[in-house]
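Note that the sequence shown covers residues 858 to 1008 in the working numbering.
Don't be surprised by glycine CBs; every beta carbon is placed ideally from N, CA and C.
Contents: one structure, followed by commentary.
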Amino acid sequence: MWNLKKFGNKIAFISEQNNEYSYNQLDKFSHHIKNKIKKRSLILLLNDNSIASVFFYIGLIQNNHLILLLNSKNKLSYIKKIIKLYDPDFICSPKSQSFFEKKKLLKIVTTFKHFYLIKRFNSKKKLINKNICLLVSTSGSTGSPKLIKQT
């Protein structure tokens, strides 16, 4: 993946609150994710417009996980439908997102700012194509959730 260390303490992002985040911080967070998720997994990332969302996105990509990217503002019924259909191993979501699964089937793996990374214990083992890194929802005319695969 990307060699974030080569940029060192150069600024990678500046938040809306004018907080600066370096490439070293991104690299450190990527290693943190690597220690939390040992094998390639399908991860539902319910993103928002925040530094935490960006850090998780980059940390997951850096560690070769398959990200199913959805807006956290989607209706809960749609998110449930996606979870049921694609059965992600983990859910990465803002803390404000209400979870609807049985708590005993979930474990908070790590947090960063206002985001949780949650392990789902009831997900089934699946084969994940090694060439795909990102699944993005598309607005299909049929009303059933469809995803675009990106390498």
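- If the five residues before and after isoleucine 965 are omitted, its C-beta is found closer than 6 Å to the C-beta atoms of Tyr973 and Ile975, all from its own chain and listed in chain order.
- One Cα belongs to lysine 862, the other to glycine 916, and the distance between them is close to 13 Å.
- Annotation for threonine 967: Lys893 and Leu974 place their beta carbon closer than 6 Å to its own, counting only its chain and skipping 5 residues before and after.
- As computed with DSSP, cysteine 949 is found in a beta bridge with Leu902 and Leu974.
- Nearest C-alpha to serine 898 among Tyr878, Ile908, Gly865 and Phe947: Phe947.
- DSSP places phenylalanine 969 inside the beta strand (DSSP E), whose first and last residues are 963-969.
- Isoleucine 985 sits in coil when the DSSP states are folded into three classes, being neither helix nor strand.
- Measuring C-alpha to C-alpha distances from asparagine 931 to each of His888, Asp905, Asp944 and Asn876 identifies Asp905 as the nearest.
- The straight-line gap separating the alpha-carbon atoms of phenylalanine 864 and tyrosine 880 is approximately 6 Å.
- About 4 Å separates the CB atoms of serine 950 and leucine 903; that is less than 8 Å, so the two are in contact.
- Following the DSSP letters along the chain, one finds leucine 933 inside the alpha helix (DSSP H) bounded by residues 933-943.
- Tyrosine 878 is bridged by DSSP to Phe870.
- It is roughly 6 Å from the alpha-carbon of isoleucine 900 to the alpha-carbon of leucine 923.
- The criterion of a C-beta distance shorter than 7 Å is satisfied by threonine 1008 and isoleucine 989.
- In the DSSP assignment, leucine 992 falls outside any alpha helix (DSSP H) and within the unbroken beta strand (DSSP E) covering 991-995.
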